[in-house]
Structures are given as C-alpha cells and as structure tokens.
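This report concerns only the one structure given below.
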Amino acid sequence: MFERLKALPADPLLGLITLYRDDPNPNKVDLGVGVYRDEQGHTAIMKAIQQAQKTHLSTEDSKTYIGPMGVPGFVDGIKKLILGESSKALSAGAVAGIQTPGGCGALRVGFETLRRLGDDLTVWVSDPTWANHIPTIRASGFETQAYPYFDANTGLVNYEAMDEQLAKLGKDDIVLLHGCCHNPTGADLSFEHWQRIAERAVKQGFIPFVDIAYQGLGDGLESDVKGVRHLSEQVDEMVIASSCSKNFGLYRERTGCLIVQTENQERSAALQSQIQDVARANYSMSPAYGGFLVDLVLSSPDLRTSWEDELNAMATRVKSLREGLLAEIKQRNVSQDFDFITQQKGMFSYLNITKEQVRQMRDEFSIYMADSSRINVAGLNLSCLGYVADALKKACG
Ligand SMILES: Cc1ncc(COP(=O)(O)O)c(C=O)c1O
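The sequence shown finishes on residue 571 if you use our numbering, and the numbering steps up by one all the way, no holes.
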C-alpha cells in the first residue's frame, strides 16, 4: 500500500539550511530560517527563561496531566499580554483560551473550531503570507483566498487595494491578519489601517483572525498590539493565535496560546468547550513545560523586567541592523531603492529582488535567503553588513 505515497519535495527553506551548512566559504551569511540570532549568530536561551527553568525544576513535583486548557496562569498571562490588563472583553469573562503546541497549534485548533461553524466559510490571507498558513488552513477544511497586501513598488502595505477586497466580504468570511511584524514581508499595518479594518469587520460581519508570533520584536510589547487591542474593543468576535517561540525564545518547547473573544461569558464557556474538544481530538493536551516557564516570567516582577529588557534589546538590535544595512547600501549607490528596509518591522524583510538575483547572491557570495527574497534581518551582524551590501550592488547594479 505504502508505494502509493510518494516522497514529497523537501521544504525549500529547510534545504537552505543544508546548503548553508555544507558551504565552506568563511564569509557565508544565513538569512534564511526565521529564528532570532544574536551578534554571534547564536539563538540563546533568554535569561529570564533560564531562571524560570531553575525555579520550575526545583518546585515541580509531579508530571501528571494538567488539564485540557493547559497551564491556567499561562493562558491568563497571554490573554492580558495581548489584549491588555484593562480589556473590556477580558473583564466581561468573554474570552476563551487554551495553551497549544506553538503558534501553529493555535492556528490549527482555531481554524478547526471555526470550521464547525459551517461548510460555506472562506478564509482570506494576505498576499503573500507565511508559508505555513495556507497548508494549515486547508488541512482544517477551508478554502483560502488571498487579499492584496504587499506593494512591491514601495515595499509597504497597499492598504487601498486590501480595503477594496475587505469591502466585498461578509459574514461567511474569515480574515487572517498578522498582528505585527508581518512574515514574510515586514510590511505592517498602521494603526489607522487597523481602525479601518475594525470598521469594516463591524459593518460587514467578517471574523478577524489575528496571528501574532512576534509581539515585542517590532516597536515594543505595547505598541505592537495597539491595532489588535483596538480591533478587540470594536468587534464582538475574533480569534487570536499567539506564539511564544520568538519573543520568549521557546521554539522547540512548542508554546502557544489560542484566544477566542466572544460576545459574552456564556458564549465564551461554549467556545472554551469547543476549542478543548478540537484539541482533544488532535493531540489531547498541549505540552505544559513552556507554559509553566512563561507563567513564571510574566508573574514574577524581576523575571518580567529581565525578559522585557532582553526582548527590547533584541528588537533594538534588529532595528539597528536595518539602519546599518540601508546605510551600507546607500554608500554603494545601488540602483534599486531599499528605503523600505527601515520602514518595515520585525525580523523579516522582503528585499524585492528577483529569484535570479537571489541565486546570484548565493552562488557568488554565499548569502542564503529564500527565493522570494525574504531575509531574516536578525541573521545579519555588524561585520557582514558591508559584505551583504556589496553583494546587492553586484546583483542589482
Ligand atoms: C507568522 C507566524 N505565525 C505563526 C508562527 C508559529 O510558530 P510556532 O508554531 O513555532 O510557535 C510563526 C513562526 O515562524 C510565524 O512566523
């Protein structure tokens, strides 16, 4: 039987890892895989997480199941981190939530739950969107459509084109939005855009589904969710999938949270039972470990300060790499305009160069990035900025 299942092509981004690893060039630069790296190219365990691990190890006295919702303090902490301490929906008890295996788990449980609303809903994703969105949404039983988002001429969002599409949507539509630090483009919605999306959602009745995997890595923990909080204040119903992979550095611990805002406490209880039921049928319960650590970090003032400081330092480093790269590009009078690099947010940037130029940078300079020209800005360091700018000059003229 198994001969019917053919080997699938390798994930192109994972293929880049192997190519990079085997490249003997001492100047090689890895801008492919989307993990945060420090100046030495290392993805370190955050200090607050290290401390929380020690505390957890010394206090955990059982490995028994913790229940379908996951670590309750973690779920409450993430709800507050995203929606804010003064969220009306939270104080009304109208928000359901569950710990999930990473942000991917939150996306999958969220979409599978929405699938229970009926057969005729369509999910709209930004063009382009993160590579794993469409497979996850389709595996949850939905068709996907794309709304215009990225403007290749400016490197920013083409909101008028996006709005034109949103204006045509209604109650049978779900709109997936990136909470901040859009992956793959780095082109973010402004607060005014979020206000307009909220107006559209209220008027037309589509369900906003926010994926937030980089809170704190753009303009800061609070600023990065200003738009999401506004949306939450305006609409009755929305879904949020959150990931602790990047902002807590918990990648392999698979730590995420699904949040469902409903109209009132009674509906929230119903949704709580639904999301737990979807999770139960998939993997029963989420791994707990990362949730314990995040709960400790968020609830202990010292650990929280340490975490926020380190996260701010990471975001500042990414911003200064953006500025440094642009300055080096400008010094070389590269023909193409790259000003958008400093206007984009978070770890990613679409360089807006062709696949041929991407390959040229790889073949001649050992600079590795996705064929789409998405770079992980955190993969840069101060000593390679000039080298990357040289390669861009050679590729673009
Ligand atoms: C846009 C976006 N959403 C969700 C995730 C989920 O990540 P994880 O499942 O590793 O927490 C990622 C990770 O790269 C992402 O970029």
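By construction, the Cβ of each residue, glycine as well, lies at the ideal position given by its N, Cα and C atoms.
For residue i, the first and last residue of its enclosing beta strand (DSSP E)
i: residue 306; result: Element bounds for residue 306: n/a, residue is neither H nor E.
i: residue 434; result: 429 to 435
i: residue 274; result: 269 to 275
i: residue 349; result: 347 to 352
i: residue 548; result: 548 to 550
i: residue 361; result: Looking at the DSSP string, residue 361 is not in any beta strand (DSSP E), and its letter there is neither H nor E.
i: residue 522; result: 522 to 524
Proximity test, residue i beta-carbon vs ligand 1 heavy atom, cut-off 8 Å
i: residue 425; result: yes
i: residue 428; result: yes
i: residue 335; result: no
i: residue 277; result: yes
i: residue 357; result: yes
i: residue 419; result: yes
i: residue 456; result: no
i: residue 398; result: no
i: residue 208; result: yes
i: residue 281; result: yes
i: residue 385; result: yes
i: residue 304; result: yes
i: residue 415; result: yes
i: residue 352; result: yes
i: residue 388; result: yes
i: residue 307; result: yes
Rounded distance between the beta-carbons of residue j and residue i, thought under 8 Å
i: residue 522; j: residue 486; result: Wrong, their Cβ atoms sit about 19 Å apart, outside the cutoff.
i: residue 428; j: residue 279; result: 7 Å
i: residue 222; j: residue 481; result: 4 Å
i: residue 417; j: residue 387; result: 4 Å
i: residue 409; j: residue 444; result: That pair is no contact at about 18 Å.
i: residue 360; j: residue 518; result: 3 Å
i: residue 566; j: residue 508; result: 6 Å
i: residue 281; j: residue 310; result: 5 Å
i: residue 546; j: residue 201; result: Not really, about 23 Å apart at Cβ, beyond 8 Å.
i: residue 544; j: residue 187; result: 6 Å
i: residue 439; j: residue 256; result: Residue 439 to residue 256, Cβ: 19 Å. No contact.
Test item: CB-CB of residue i and residue j under 9 Å
i: residue 584; j: residue 267; result: Nothing can be reported for residue 584: it is not among the residues displayed for the chain, which extend from 175 to 571.
i: residue 319; j: residue 304; result: no
i: residue 358; j: residue 524; result: yes
i: residue 383; j: residue 343; result: no
i: residue 415; j: residue 401; result: no
i: residue 210; j: residue 535; result: no
i: residue 306; j: residue 322; result: no
i: residue 131; j: residue 563; result: As displayed, the chain neither begins before 175 nor continues past 571, which places residue 131 out of reach and without an answer.
i: residue 434; j: residue 412; result: yes
i: residue 269; j: residue 442; result: yes
i: residue 243; j: residue 271; result: yes
i: residue 240; j: residue 295; result: no
i: residue 301; j: residue 316; result: no
i: residue 197; j: residue 561; result: no
i: residue 452; j: residue 312; result: no
i: residue 329; j: residue 513; result: yes
i: residue 477; j: residue 184; result: no
i: residue 520; j: residue 403; result: no
i: residue 340; j: residue 378; result: yes
For residue i, the first and last residue of its enclosing alpha helix (DSSP H)
i: residue 334; result: 333 to 340
i: residue 246; result: 246 to 257
i: residue 497; result: 475 to 505
i: residue 321; result: First-last for residue 321: 317 to 322, but that is the beta strand (DSSP E), not the alpha helix (DSSP H).
i: residue 535; result: 529 to 539
i: residue 569; result: 559 to 570
i: residue 263; result: 262 to 265
i: residue 455; result: 439 to 456
i: residue 402; result: 400 to 408
i: residue 385; result: That residue, residue 385, is in no alpha helix (DSSP H); its beta strand (DSSP E) goes 381 to 386.
i: residue 191; result: 186 to 196
i: residue 419; result: Run containing residue 419: none; DSSP gives neither H nor E here.
i: residue 180; result: Segment: none, residue 180 is in no alpha helix (DSSP H) and carries neither H nor E.
i: residue 223; result: 221 to 233
i: residue 515; result: 514 to 517
CB contact check: residue i to chain C, cutoff 9 Å
i: residue 235; result: The question asks about chain C, but that chain is absent: this structure has only one protein chain.
(message) When you compare the region 540 to 556 with the region 486 to 506, are there three or more beta-carbon pairs, one atom per stretch, that lie closer than 8 Å?
(response) yes
(message) Could you check whether the region 413 to 432 touches the region 465 to 479, counting it as contact only if at least three pairs of C-beta atoms, one from each stretch, sit closer than 8 Å?
(response) Taking 8 Å as the limit for Cβ pairs, the verdict is that the region 465 to 479 does touch the region 413 to 432.
(request) Count the C-beta pairs between the region 361 to 371 and the region 212 to 226 that are closer than 8 Å, then say yes if the count reaches three, no if not. (result) no
(request) Taking 8 Å as the threshold, find out whether the region 532 to 552 comes into contact with the region 197 to 213 through three or more Cβ pairs. (result) yes
(message) If contact is defined by three or more beta carbon pairs under 8 Å, each pair taking one atom from either stretch, is the region 346 to 354 in contact with the region 391 to 400?
(response) yes
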